[in-house]
DNA sequence: CAGATTCTGTACAATACTGAACACATTCCG
DNA sequence: CGGAATGTGTTCAGTATTGTACAGAATCTG
């Protein structure tokens, strides 16, 4: 992609995220965004049809980062290690103002739904239905955990919890393990056990 | 000026200053600068004929800032107040790495000369040759003070002095006063004395 | 030494950005 | 109410930047 496009888009998104952290989405104007991004107004329109499109793509961009932070080991699993979960929560904590806005603004419930969908898909792959889960319905269990995780994330980014990102992720890791939400064992874990 | 020009130049100069703070001027390549500035190599050449031109314009840019910091009250005087001198020294302290490089690199003695020239011109205007200076040669006195100031600035930015910017500027202000290097009295200072 | 690599400076067509203008909608305010 | 101000979305010609290519200089390296 042309370097100019990359630079402009980054500047616009950065400006937009700054603004959304400062004021309500509806009050933000294209003029403000262009000014803050140090870009011509026409440039904004050349990339995004309007504010809502910008917000949408912005969420998408953040989502990529968020998902990446859940999947540090290639494409293997959501939160393959406790450290990975910690990292994700710290990332969310740092960008809380954006995520809070994305979650809070009515008209953007899409965000919560997308996050849940990703988590449900990921958890479904990793759930161990043996042991204490033998008598459970997998769909319900997965949904239960995904909704819980989404809710806790919402608590974190909206500052609705007194607990820190670290405390939360630590506790949540324990709860995931308790429910046998284990990441698929890596190939080398077997050979590791042999020695 | 076209916004693109401003943005590119700022990025290039910023990148260059970063690099000069990290390594020797001669080791810096145009490629590095372009890469760091996130700009095409051709763009660098469209604004600056080569590294040396870039350094030159860079010094010029910094010089404008530096002079501005000496002249906070319009165009009246160099260091019209002790606070102004303090501000200048703090500014120098913050950008020490750049100024150190500009002063240190042989091939750039121009910098020291320019600084001295500015100071000499400014001091010459402000020198009070009455009182203890009655028997002195003005040219020598002015040059003496300008060279001293330049030297002290060099000491500061090259970290060749254990004293802080604040300590130095405080002492230097006293020395300037002692030598009757007073800023031209503002019109209202007379009326101030009347009350 | 020769070959490989990197840097330099220049040229160019393709392209993204610019600022200005425009008609229209919305909001603000006396 | 009415008009002043501000925002929207579009168009457009002009311009700065882009990536690429090139030849020659400089530097590295076996």
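Chains as they are written, first to last, in my numbering: chain A, 1 to 195; chain B, 1001 to 1195. Glycine included, C-beta positions come from ideal geometry on N, C-alpha and C. These figures come from a predicted structure and were not determined experimentally.
Asked: Coil, strand or helix - residue 176 of chain A by DSSP; Found: helix
Asked: Supposed contact pair residue 1165 of chain B and residue 975 of chain B - C-beta distance, whole angstroms, cut 8 Å; Found: No answer is possible for residue 975 of chain B: it lies beyond the span of chain B, which begins at 1001 and ends at 1195.
Asked: Within chain A, the residues that residue 1040 of chain B reaches when beta carbons sit closer than 8 Å; Found: 3
Asked: Burial state of residue 1113 of chain B, where buried means 16 or more other Cβ atoms lie within 10 Å; Found: exposed
Asked: Close-in-space but distant-in-sequence residues of the same chain around residue 34 of chain A (CB under 6 Å, 5 per side omitted); Found: 41, 44
Asked: Entirely enclosed alpha helix (DSSP H) segments - the region 14-79 of chain A, minimum 4 residues; Found: 30-37, 41-47, 51-70
Asked: Closer than 6 Å: residue 97 of chain A CB and nearest the ligand MN heavy atom; Found: The model on display carries no ligand, and the ligand MN is accordingly not part of it.
Asked: Residue range of the unbroken alpha helix (DSSP H) whose run includes residue 231 of chain A; Found: Within the shown structure, residues of chain A are numbered from 1 to 195, placing residue 231 of chain A beyond reach of any answer.
Asked: Assigned secondary structure, residue 181 of chain A (DSSP; H/G/I helix, E/B strand, else coil); Found: strand
Asked: Chain A contact for residue 1107 of chain B (CB, 7 Å cutoff); Found: A caution first: residue 1107 of chain B carries a pLDDT of 46, below 50, which makes its placement in the model too unreliable to give a value.
Asked: Distance between residue 11 of chain A and residue 162 of chain A (C-alpha atoms, nearest Å); Found: 33 Å
Asked: The region 1116-1123 of chain B touching the region 1137-1156 of chain B, judged by at least three CB pairs closer than 8 Å; Found: yes
Asked: Inter-residue Cα distance where the pair is residue 1023 of chain B and residue 1133 of chain B; Found: 45 Å
Asked: Residues near residue 90 of chain A by beta carbon distance below 7 Å, same chain, minus five either side; Found: 165
Asked: Simplified DSSP state of residue 1127 of chain B, which is helix, strand or coil; Found: strand
Asked: Short Cβ contact (7 Å threshold) for residue 1100 of chain B with residue 1157 of chain B; Found: yes
Asked: Candidates A:56, A:37, A:129, A:49: closest to residue 18 of chain A by CA position; Found: A:37
Asked: Where residue 93 of chain A falls: helix, strand or coil (DSSP); Found: helix
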